[in-house]
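Q: Be aware that the sequence shown starts at 1, since it is given in UniProt numbering, and climbs by one per residue. Glycine residues also receive a C-beta, built at the ideal position from the N, C-alpha and C atoms. Remember, predicted model here, so these are calculated numbers, not experimental data.
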Amino acid sequence: MGRRNTGTIRGPVGRQLPHAGPGRGPKACAVIRRRLLIAAILVHSIAPTAQAAQIEHPDTAGMDPALAAQIESARALVEQSRDAGAATLAEAWGELGMLYQATGFENVSLAAYQRAAETDPFDGRWPYLKGIILGQRGETDDARRQFLESIALNPALAGPGWTRIGRLYLDAGRAEPGVRAFQRALEIDDGAPAALAGMGEARLALEQYEQAREFLESALEAEPRADRLHYPLAMALRGLGDPDGMQEHLSKAGQIGITPDDPVAEYLAAHAAGSRIHILRGRKAWSAGDVAGAADAFTRAVEADPASAVAWTNLGTAQAELGQLQSARKSLARALELEPGAERARENLVAVLRRNGQPQEALDTIDSAPGRTESVRWRLIESARIHFDLGDPDTAADQLLQALENERDLEIWSEALTALVEAERREEAYALATHEDLSDASDTVLAAWVDALVRAAEPESDDLSLAARLSERLYERNRAEQFAALHINTLLKRHARCREALAWISSQIARGDTAQALRAMLTQWSLELAGSPECGAPEARPRS
């Protein structure tokens, strides 16, 4: 099985809003997105084309030195990105805007987001972030327009975007359009806690007490820490004539609410803590191939914000790439302590443990992840590889076959064939190798796999019989010289004498539809074999 002795490290992460430009995202959203995008493009096309006004950055002279250093670093990142392409420059402007937003400079934050949007008008993150600030300032109509534009540009933001639009309506005392907005959000994710909470409060405002109770209870079940919801739930119970229930929830009411499920709060907090600029510099160094520089930047990110799972994940990733496996293991384990659902940290920790020769610990790391192993593709595949390494090809084969059900991948396909043969499930291997859904593109991969099987198998073995069946089928699908040679080598290895191979070669030479070049190759091989010791002269061996 490929890559079964080492783990593959994936690159650093940078928690961001989902970034999906045109052509990305679910197919079902494509037509709607294109139509909405026309409107968004028109907005940009009729905007003034004059050069944007100079941004008035805050004076850092009297600031806290740490904050001043963050701002200077973020501004320097903008300057360094000017020749790196529109998307990179827009990203730098957006990060500067986030830093300003996190530290209370709202006006200049809006200006930075505007510059990001002008630089890359197809990125939905920047209007989304502008909408948050405008909504907090009470500019409801402008905020709503920004969220609608972000949804048009990036369907991945539709759920949180509609939730924030619903909240804008609700805060403005317009419960009915709020219900419609929350309904749109729940159609995208019917378990989103913020949308459930908003819908419950909107139903309460409409005096629809039973529906309000149901939605608010669902929101609290999904997010028990959101104790602010106990108050509207108490009011719904009062409307239903349940004073005891009302008093119970009033006693639990607190100040913790729910925000939409996007990384806004986390990365704004990261900017406030001072870690995000270091993370950005680390990612930039990583992309340039400077892994040591990336590790230094990620170390500074961890020092700035020791509670950042992203910073620990990136530090561990860089340490692993530098071969510092013990340090990487500690960093990635710390990331998982802080955020058990940090998938990249878990994946890279599994890779580190496998590299370190600790397959059982790697398997335990997969099994301890939230949710089912088979629900996450990389977990299922890595679990299969580890089971194979641990001498359990049956489980490995089952898991790889399950992975193939969801996505056809020739690498996983060849690994599944190996596991099936190792588990002595050869008929299943033959069925998989000859599946009707396979295209001609799989022939080269299968030929390489059969060649490896032939080299490893013992003469007269069942594995060689399987190889002979498959090599003959490959030749019949595509009567090329390479597949003829593969089948002949398989026949020569299967039996010490060359008669079977000679008989097959003769039958192909005699066929009227054999191409001239192939017939010449087969004739030459027949002459060589006829002079071998098994056939009466020098030794016949499979060709390399």
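Could you give the first and the last residue of the continuous alpha helix (DSSP H) run that contains Ile-488?
A: Sequence index remark: in the sequence shown, residue 488 carries index 488 (1-based). Run containing Ile-488: 481-494, per the alpha helix (DSSP H) assignment.
Q: Okay, do the stretch 444-463 and the stretch 485-505 touch, 3+ Cβ pairs below 8 Å being the bar?
A: In short, these stretches touch, since the Cβ pair count reaches three.
Q: So, helix, strand or coil for Pro-12, using DSSP?
A: Residue mapping note: residue 12 aligns to position 12 of the sequence shown, counting from 1. Pro-12 falls in the coil class under three-state DSSP.
Q: Report the residue from Pro-127, Leu-168, Asp-120 whose alpha carbon sits nearest the alpha carbon of Glu-139.
A: For the purposes of this step, residue 139 is taken as residue 139 along the sequence shown, with counting starting at 1. For the residues Pro-127, Leu-168, Asp-120, the minimum Cα distance to Glu-139 belongs to Leu-168.
Q: Where does the unbroken alpha helix (DSSP H) through Arg-334 begin, and where does it stop?
A: To locate residue 334, count along the sequence shown from 1; it is residue 334. Looking at the DSSP string, the run of the alpha helix (DSSP H) that includes Arg-334 is 325-338.
Q: Taking only three categories from DSSP, how would you classify Asn-406?
A: Stepping through the sequence shown from its first residue, residue 406 is reached at position 406. Helix.
Q: Could you give the distance in angstroms between the alpha-carbon of Glu-424 and the alpha-carbon of Ser-461?
A: Taking the first residue of the sequence shown as position 1, residue 424 is located at position 424. Taking the first residue of the sequence shown as position 1, residue 461 is located at position 461. Those two C-alpha atoms are separated by around 12 Å.
Q: How many angstroms separate the CA atom of Ala-501 from the CA atom of Ile-488?
A: Within the sequence shown, the letter at position 501 stands for residue 501. Within the sequence shown, the letter at position 488 stands for residue 488. Taking the straight line joining both Cα atoms gives about 6 Å.
Q: As a quick exercise: from Gly-254, Ile-258, Gly-257, Pro-232, pick the residue whose alpha carbon is nearest that of Met-246.
A: Residue mapping note: residue 246 aligns to position 246 of the sequence shown, counting from 1. Looking at the Cα atoms, Pro-232 is the closest of the given residues.
Q: Once the 5 residues before and after Leu-349 are set aside, which same chain residues still bring their CB inside 6 Å of it?
A: One-based indexing of the sequence shown puts residue 349 at position 349. Same-chain partners within the cutoff: Leu-332, Thr-365.
Q: How is the alpha helix (DSSP H) around Met-63 delimited, first residue to last?
A: As a first step, residue 63 must be located in the sequence shown, where it is residue number 63. No alpha helix (DSSP H) contains Met-63, which DSSP labels as neither H nor E.
Q: Hey, could you find the ends of the alpha helix (DSSP H) Arg-225 is sitting in?
A: Indexing the sequence shown from 1 puts residue 225 at position 225. Careful: Arg-225 lies outside any alpha helix (DSSP H) and carries neither H nor E.
Q: Considering just the uninterrupted stretch of the alpha helix (DSSP H) at Ala-158, what are its terminal residues?
A: Stepping through the sequence shown from its first residue, residue 158 is reached at position 158. Note, Ala-158: alpha helix (DSSP H), 158-171.
Q: Between the stretch 117-136 and the stretch 66-76, do at least 3 Cβ pairs fall closer than 8 Å?
A: No, they do not touch.
Q: Could you tell me if His-387 is buried or exposed, where buried requires 16 or more neighbouring beta carbons within 10 angstroms of its beta carbon?
A: Along the sequence shown, read from residue 1 onward, the residue named residue 387 stands at position 387. Buried, by the Cβ-count rule.
Q: With DSSP as the reference, label Thr-434 as helix, strand or coil.
A: Locating residue 434 in the sequence shown gives position 434, counting from the first residue. Looking at Thr-434 - three-state DSSP - the assignment turns out to be coil, as it is neither helix nor strand.
Q: Starting from Glu-347 and walking both ways along the alpha helix (DSSP H), at which residues does that stretch end?
A: If you number the sequence shown from 1, residue 347 lands on position 347. Where Glu-347 is concerned, the enclosing alpha helix (DSSP H) stretches over 343-355.
Q: Go through its chain and collect everything with a Cβ distance to residue 550's Cβ below 7 Å, but skip five positions before and after it.
A: The question about residue 550 has no answer, for the chain in this structure spans 1 to 544.
Q: Among Thr-299, Ala-433, Ile-258, Glu-214, whose alpha-carbon lies nearest the alpha-carbon of Arg-164?
A: Position 164 of the sequence shown holds residue 164. Here the closest residue by C-alpha is Ile-258.
Q: In chain order, which alpha helix (DSSP H) runs of at least 4 residues are fully inside the stretch 113-152?
A: Counting only runs of 4 or more, we get 125-136.
Q: Can you tell me whether Ala-520 is buried or exposed? The criterion is at least 16 other CB atoms within 10 Å of its CB, across all chains shown.
A: Walking along the sequence shown from the start, residue 520 turns up at place 520. It counts as exposed.
Q: If I measure Cβ to Cβ from Ile-509 and keep anything under 8 Å in the same chain, skipping five residues before and after, which residues do I get?
A: Counting from 1 along the sequence shown, the entry for residue 509 is found at position 509. The answer, listed in chain order, is Arg-519, Leu-522, Thr-523, Ser-526.
Q: Report the option in Glu-528, Glu-476, Pro-58, Pro-65 whose CA atom is closest to the CA atom of Thr-514.
A: As a working note, residue 514 is residue 514 in the sequence shown. Thr-514 has its Cα closest to that of Glu-476, out of Glu-528, Glu-476, Pro-58, Pro-65.
Q: When burial is assigned at 16 or more other CB atoms within 10 Å of the CB, is His-249 buried or exposed?
A: Taking the first residue of the sequence shown as position 1, residue 249 is located at position 249. So His-249 ends up on the buried side.
Q: Could you please give the first and the last residue of the uninterrupted alpha helix (DSSP H) stretch that includes Ser-471?
A: Numbered from its first residue, the sequence shown carries residue 471 at position 471. It spans 462-477 - the alpha helix (DSSP H) in which Ser-471 sits, taken as one unbroken run.
Q: Thinking just about the alpha-carbon of each residue, which of Ala-335, Glu-321, Pro-224, Gly-198 is nearest to the one in Pro-306?
A: The count along the sequence shown starts at 1 and reaches residue 306 at position 306. With distances taken between Cα atoms, Pro-306 lies closest to Ala-335.
Q: Look at the Cβ atom of Ala-219, then the Cβ atom of Ala-197, and state whether they are nearer than 8 Å.
A: As a position in the sequence shown, residue 219 is number 219, starting the count at 1. As a position in the sequence shown, residue 197 is number 197, starting the count at 1. For Ala-219 and Ala-197, yes; Cβs fall inside 8 Å.
Q: Measure the CB-CB distance between Gly-323 and Phe-298 and report whether it falls below 8 Å.
A: To locate residue 323, count along the sequence shown from 1; it is residue 323. To locate residue 298, count along the sequence shown from 1; it is residue 298. The answer is no: Cβ separation not under 8 Å.
Q: Just the C-alpha distance for Pro-340 and Gly-62, rounded to the nearest angstrom, thanks.
A: Taking the sequence shown and counting its residues from 1, one reaches residue 340 at position 340. Taking the sequence shown and counting its residues from 1, one reaches residue 62 at position 62. Looking at the two C-alpha atoms, the distance is approximately 40 Å.
Q: Kindly provide the ranges of any alpha helix (DSSP H) runs that are 4 or more residues long and lie completely inside the stretch 368-428, ordered along the chain.
A: DSSP runs (the alpha helix (DSSP H)) wholly in the stretch 368-428: 377-389, 393-406, 410-422.
Q: Exposed or buried, Ala-47, counting other C-beta atoms within 10 Å across all chains shown (16 or more means buried)?
A: As a first step, residue 47 must be located in the sequence shown, where it is residue number 47. Confidence at Ala-47 is low in this model, with a pLDDT of 39, below 50, so the placement of that residue is unreliable and no value is reported for it.
Q: Relative to the C-alpha of Trp-162, which candidate in Arg-174, Ala-172, Gly-173, Glu-187 has its C-alpha closest?
A: As a working mapping, residue 162 is identified with position 162 in the sequence shown. For Trp-162, the nearest C-alpha among the options comes from Glu-187.
Q: Determine whether the beta carbon atoms of Tyr-128 and Phe-147 lie at a separation below 8 Å.
A: Counting from 1 along the sequence shown, the entry for residue 128 is found at position 128. Counting from 1 along the sequence shown, the entry for residue 147 is found at position 147. Result yes, Cβ atoms of Tyr-128 and Phe-147 sit closer than 8 Å.
Q: Under 7 Å Cβ to Cβ from Ala-194, same chain only, skipping five residues before and after it: list those, please.
A: As a working note, residue 194 is residue 194 in the sequence shown. Hits under 7 Å: Thr-163, Ile-258, Thr-259, Pro-260, Asp-261.
Q: Quick one, which of Asp-83, Arg-479, Glu-347, Ile-277 has its alpha-carbon nearest Ala-369's?
A: Working through the sequence shown from its first residue, we reach residue 369 at position 369. The residue with the shortest Cα to Cα distance from Ala-369 is Glu-347.
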